[in-house]
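Presented below is the structure to which this report refers.
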Amino acid sequence: MQPPLRNVASSPANPQRLRIATRGSDLALWQARFVAERLDQIAGLTTELVVISTQGDRRQDLALGDPGSIGLFTSEVQQALLQGEADLAVHSLKDLPAQSIPGLQRAAVPQRADPRDFLLIHPQAFAPGAPSLPVKPNSRIGTSAARRKALLLDARPDVEAAPIRGNVPTRLQKLARGDYDAILLAAAGVQRLGLDLSAWECHPLPLQEWPGAPGQGALAVECRSQDRELSQALSAIHLPEVAEQVDLERALLQRLGGGCSLPLGAYAERVDGHMHLWASLGSMAEEPARPLRRAHVQNLKAEALVDAAFQQLRNPEKAG
Numbered sequence: 624m625q626p627p628l629r630n631v632a633s634s635p636a637n638p639q640r641l642r643i644a645t646r647g648s649d650l651a652l653w654q655a656r657f658v659a660e661r662l663d664q665i666a667g668l669t670t671e672l673v674v675i676s677t678q679g680d681r682r683q684d685l686a687l688g689d690p691g692s693i694g695l696f697t698s699e700v701q702q703a704l705l706q707g708e709a710d711l712a713v714h715s716l717k718d719l720p721a722q723s724i725p726g727l728q729r730a731a732v733p734q735r736a737d738p739r740d741f742l743l744i745h746p747q748a749f750a751p752g753a754p755s756l757p758v759k760p761n762s763r764i765g766t767s768a769a770r771r772k773a774l775l776l777d778a779r780p781d782v783e784a785a786p787i788r789g790n791v792p793t794r795l796q797k798l799a800r801g802d803y804d805a806i807l808l809a810a811a812g813v814q815r816l817g818l819d820l821s822a823w824e825c826h827p828l829p830l831q832e833w834p835g836a837p838g839q840g841a842l843a844v845e846c847r848s849q850d851r852e853l854s855q856a857l858s859a860i861h862l863p864e865v866a867e868q869v870d871l872e873r874a875l876l877q878r879l880g881g882g883c884s885l886p887l888g889a890y891a892e893r894v895d896g897h898m899h900l901w902a903s904l905g906s907m908a909e910e911p912a913r914p915l916r917r918a919h920v921q922n923l924k925a926e927a928l929v930d931a932a933f934q935q936l937r938n939p940e941k942a943g
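With my numbering applied, the sequence shown covers 624 to 943.
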């Protein structure tokens, strides 16, 4: 049974229900309902959703890669939590700023979805024999993420990385209209929404060569720092092995001093008992253009793993 849905301005919440703050997009609602169902199944908690409008939803003119874009999809949701309009919040973990917000704590990281990117290609632009990516020469590929743009132009310098905004269904409509030859999307969003991709050529991108945004595919459940009883209850849906992965990815993001606008890809995975960290780093808009930098480190403790990846990305000539 899905939890009730209400807006902040509606009547006060039932005190016996936990109020979950979420954005109002289809994907955000799916994610909040997923957490609500897990809390019901595992901890027997009853919930309702509180929909929060964020600046990122309202302002389609804002470029997602700008430094000012940090917190576009999370700030208002976190403020609702701090102001007592909700008891917990569900975020796409990759949207959270690297620095935590005073008064809030991340109480749970549930099951992670597919962290890869998908390249969805219009059939008329599909070129299976093309180098690196199966798109025709000089294709127009939609992405607004600085990380994806850096990886894309490293793989195929001939293509155009064209800005695109809107939710996942809107972006697919733009591809269908012929506005783009292909678009880049997070696999997790497509899969969670159960979208039919049969009209397109779907090319999954390998994480070792094309690492996702730090925390991509994972969710973060926040509550107020003083709500210790609630934090303990939320631990029922927390998966330490997923938290270990995303914490390494985000530690590298923080080590580089960046937010979600940094053109950083990072993916951590334990293989045969050893933790691996793959990363890529493009040029910032204000920096002189330089080749994409890559890192792969393994079999070290967490802090040393992050430091080694940082050194490879910032000083590749010394690291080599």
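Glycine included, every Cβ here is placed at the ideal spot set by N, Cα and C. Fair warning: this is a prediction, and the values are worked out from it, not measured in the lab.
Kindly indicate if chain D contains any beta-carbon less than 7 Å away from that of residue 898.
Annotation note: the requested chain D is absent from the structure, which comprises a single protein chain.
Residue 770: which of 708, 677, 837 sits nearest, CA to CA?
As a working note, residue 770 is residue 147 in the sequence shown. Answer by Cα proximity: 837.
Taking only the alpha-carbon atoms, compute the straight-line gap between residue 643 and residue 819 and give it to the nearest angstrom.
In the sequence shown, residue 643 corresponds to position 20, counting from 1. In the sequence shown, residue 819 corresponds to position 196, counting from 1. Each residue's alpha carbon lies about 29 Å from the other.
Of the residues 827, 877, 653, which one's Cα is nearest the Cα of residue 926?
Here residue 926 is taken as the residue at index 303 of the sequence shown, counted from 1. When each option's Cα is compared against that of residue 926, the closest is 877.
Span of the beta strand (DSSP E), counted from its first residue to its last, around residue 645
For the purposes of this step, residue 645 is taken as residue 22 along the sequence shown, with counting starting at 1. Here the beta strand (DSSP E) through residue 645 covers 641-645.
CA-to-CA distance, residue 776 to residue 879, given in whole angstroms
Counting from one through the sequence shown, the residue named residue 879 turns up at place 256. Counting from one through the sequence shown, the residue named residue 776 turns up at place 153. Distance between the alpha carbons of residue 879 and residue 776 is about 22 Å.
In angstroms with no decimal places, state the Cα-to-Cα distance between residue 829 and residue 752.
Position 206 of the sequence shown, counted from the first residue, corresponds to residue 829. Position 129 of the sequence shown, counted from the first residue, corresponds to residue 752. Answer to the nearest angstrom: the Cα atoms are 18 Å apart.
Do the stretch 741-759 and the stretch 802-818 make contact, defined as three or more Cβ pairs closer than 8 Å?
yes
Could you tell me whether the stretch 882-896 touches the stretch 865-874, using the rule of 3 or more Cβ pairs below 8 Å?
They touch, by the three-pair rule.
If you reduce the DSSP assignment to three classes, tell me which class residue 865 lands in.
The residue you call residue 865 lines up with position 242 of the sequence shown. It is helical.
Of the residues 662, 672, 736, 728, the one placed nearest residue 652, counting alpha carbons only
In the sequence shown, residue 652 corresponds to position 29, counting from 1. It is 672.
Return the chain-ordered list of same chain residues with a C-beta closer than 7 Å to the C-beta of residue 781, the five sequence neighbours on each side being excluded.
On the sequence shown, residue 781 is found 158 positions in, with the first residue counted as 1. 760, 761.
DSSP on residue 719, reduced to helix/strand/coil?
Within the sequence shown, residue 719 is the residue found at index 96, counting from 1. Three-state result, residue 719: coil.
What's the C-alpha gap between residue 722 and residue 716?
Position 99 of the sequence shown holds residue 722. Position 93 of the sequence shown holds residue 716. The alpha-carbon atoms of residue 722 and residue 716 are separated by roughly 12 Å.
Have a look at residue 650 and residue 814 and give me their C-alpha separation to the nearest angstrom.
What you label residue 650 is simply residue 27 of the sequence shown in a count that begins at 1. What you label residue 814 is simply residue 191 of the sequence shown in a count that begins at 1. Near 10 Å, if we compare the C-alpha coordinates of residue 814 and residue 650.
Taking residue 833 as part of the beta strand (DSSP E), name the residues at either end of that continuous run.
Within the sequence shown, numbered from 1, the residue matching residue 833 stands at position 210. It is not in any beta strand (DSSP E) - residue 833 carries neither H nor E in the DSSP assignment.
What would DSSP say about residue 737, mapped onto helix, strand or coil?
Locating residue 737 in the sequence shown gives position 114, where the first residue counts as 1. Of the three classes helix, strand and coil, the one that applies to residue 737 here is coil, per DSSP.
Residue 584 burial status per 10 Å Cβ neighbour count (16 or more: buried)
The chain is shown only over 624 to 943; residue 584 falls outside these bounds and no answer can be derived.
Report the rounded CA-to-CA distance for residue 663 versus residue 728, giving the unit in angstroms.
Locating residue 663 in the sequence shown gives position 40, where the first residue counts as 1. Locating residue 728 in the sequence shown gives position 105, where the first residue counts as 1. If I take the Cα positions, the gap works out to 21 Å.
N-terminal and C-terminal residue of the alpha helix (DSSP H) that residue 824 is part of
The residue labelled residue 824 in the question sits at position 201 within the sequence shown. Segment 824-827 is the beta strand (DSSP E) holding residue 824; no alpha helix (DSSP H) there.
Nearest candidate by alpha-carbon position, reference residue 823, set 748, 713, 852, 648:
For the purposes of this step, residue 823 is taken as the residue at position 200 of the sequence shown. Of the candidates 748, 713, 852, 648, the one whose C-alpha sits nearest the C-alpha of residue 823 is 748.
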